[in-house]
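Take a look at the structure below.
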Amino acid sequence: MVWFIVGSQCNGGAPPAGSLSGIITGDIFNEMLKHRNDSACPARGFYSYDAFIQAAESFPAFGATGDIATRKREIAAFFGQTSHETTGGWNSAPDGPYAWGYCFKNEENPSDYCSPSSQYPCTPGKKYYGRGPFQLSWNFNYGQSGEAIGVDLLNKPDLVASDAVISFKTALWFWMTAQSPKPSCHDAITGRWTPSSADTAAGRLPGYGATTNIINGGLECGRSQDSRAGDRVGFYKRYCDILGVEYGSNLDCDSQRPFGFSPSVNDEPAVCLLYPS
Numbered sequence: 001m002v003w004f005i006v007g008s009q010c011n012g013g014a015p016p017a018g019s020l021s022g023i024i025t026g027d028i029f030n031e032m033l034k035h036r037n038d039s040a041c042p043a044r045g046f047y048s049y050d051a052f053i054q055a056a057e058s059f060p061a062f063g064a065t066g067d068i069a070t071r072k073r074e075i076a077a078f079f080g081q082t083s084h085e086t087t088g089g090w091n092s093a094p095d096g097p098y099a100w101g102y103c104f105k106n107e108e109n110p111s112d113y114c115s116p117s118s119q120y121p122c123t124p125g126k127k128y129y130g131r132g133p134f135q136l137s138w139n140f141n142y143g144q145s146g147e148a149i150g151v152d153l154l155n156k157p158d159l160v161a162s163d164a165v166i167s168f169k170t171a172l173w174f175w176m177t178a179q180s181p182k183p184s185c186h187d188a189i190t191g192r193w194t195p196s197s198a199d200t201a202a203g204r205l206p207g208y209g210a211t212t213n214i215i216n217g218g219l220e221c222g223r224s225q226d227s228r229a230g231d232r233v234g235f236y237k238r239y240c241d242i243l244g245v246e247y248g249s250n251l252d253c254d255s256q257r258p259f260g261f262s263p264s265v266n267d268e269p270a271v272c273l274l275y276p277s
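Numbering-wise, the UniProt record's numbering puts 129 at position 129 of the sequence shown, and it's gapless, one number per residue.
Set out below in structure tokens:
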């Protein structure tokens, strides 16, 4: 999620080919998120290329790990997953359903998402519903991400939907952060994660499908052709095509058991990104 910017060069200021801004230029960003500023999208005007690049400076390993193909796949994977979370597309949408990522910045019909916590207590009057590219939810997620990026999101959760740089930073923080027993999405897509024997037996292998498992495996993985997981793959393929890179292997999680799965335990978590330790 690459996350460094090199100063302008003597060749007219063009970014180096291997840098994040060299791989995903402003024009490519706009093509990928083609309809994000459509009049029908509530988030129109919010998610900008400059905000993404600025946020990425805080995560220098993002899009900078591995060879060029690996870097491109990570960028496609990040935007594929976040586009699914913020999609405004439908089957017959202009340019197809996968050209409508980043249409939303706030969850529709939200709840408070307040869980009792001594470490990350809810601030009276504040709500921790889904906001931003990954629809960050729950007080403990706002607390953890805020600590990581140096912003008091427990007291100011609305910043995730009012400051685009902070919004992208929360998404990149989630992408880059491992939460045991899950690896980070970054490690899963770049090949830095080595599955254990238990992971292998559960069908969990490096690739895009593993990132879906990390994000929402309890609800979407281990099922035959779940439409939500399929939507994630559709976005990813479109972005790989735009970036000119092969998809790689293990795209879906149909045959993967969710992380932490036990046959004796109901593995249907609340829909949120991370869980309190």
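Beta carbons are placed, not taken as given, at the ideal position from N, Cα and C, and that holds for glycine.
List the endpoints of the continuous alpha helix (DSSP H) containing residue i.
i: L243; result: 227-243
i: Q144; result: 139-149
i: G218; result: 208-220
Find the nearest neighbour of residue i within the set the options, judged by alpha-carbon distance.
i: Q81; options: I214, F29, A202, Y47; result: I214
i: P183; options: S92, E220, F140, P206; result: P206
i: N155; options: W173, G234, I28, G125; result: G125
i: F174; options: F78, S21, W100; result: F78
i: I75; options: P258, D254, S255, Y239; result: Y239
i: C185; options: S167, P97, F62; result: F62
i: P97; options: T87, K105, N106, F104; result: T87
i: N109; options: I53, Q135, T123; result: Q135
i: A93; options: N106, H35, G191, F52; result: H35
i: S249; options: R228, S39, A201, T190; result: T190
i: S180; options: T170, D199, K169; result: D199
i: I149; options: W138, M176, N37, C114; result: M176
i: A51; options: P133, N91, P157, Y142; result: P133
i: D95; options: D38, D226, E246; result: D38
i: A201; options: S227, D241, F259; result: F259
i: K72; options: N106, T123, G22, W193; result: G22
i: C114; options: E107, T123, K237; result: T123
i: N216; options: S137, Q144, K169; result: S137
i: G89; options: A64, Y247, F46, L33; result: L33
i: E57; options: R228, T170, E107; result: T170
i: A106; options: Q119, Q144, Y47, N91; result: It should be noted that the sequence gives Asn, not Ala, for residue 106. Of the candidates Q119, Q144, Y47, N91, the one whose C-alpha sits nearest the C-alpha of N106 is Y47.
i: F104; options: G45, D67, G146; result: G45
Would residue i and residue j be called neighbours here (beta carbons separated by less than 9 Å)?
i: A43; j: Y102; result: yes
i: H84; j: D252; result: no
i: A164; j: R131; result: no
i: I24; j: L243; result: yes
i: Y128; j: D112; result: yes
i: F29; j: L172; result: no
i: G26; j: Y49; result: yes
i: S255; j: G222; result: yes
i: P121; j: Y142; result: no
i: V245; j: A99; result: no
If I'm right that residue i touches residue j with Cβ under 8 Å, what's the distance once you round it to whole angstroms?
i: R257; j: G203; result: 6 Å
i: S167; j: F140; result: Between F140 and S167 the Cβ distance is about 19 Å, and since that is not below 8 Å, they are no contact.
i: A188; j: T211; result: 5 Å
Practice problem: Starting from the N-terminal side, write out each stretch of the beta strand (DSSP E) that is 3 residues or longer and does not extend beyond the region 19-50. | Solution: Those beta strand (DSSP E) runs which fall completely within the region 19-50 and span 3+ residues do not exist here.
Exercise. For the region 64-91, list the alpha helix (DSSP H) runs that are entirely contained and at least 4 residues long, ordered along the chain.
Key: As far as the region 64-91 is concerned, its whole alpha helix (DSSP H) runs of at least 4 residues are 68-85.
Quiz item: Could you give the uninterrupted runs of the alpha helix (DSSP H) lying entirely in the region 108-137, keeping only those of 4 residues or more?
Solution: Runs found: none.
Practice problem: Please list the segments of the alpha helix (DSSP H) lying wholly inside the region 157-200, counting only runs of 4 or more residues, in order along the chain. | Solution: Here the runs fully enclosed are 164-176, 185-190.
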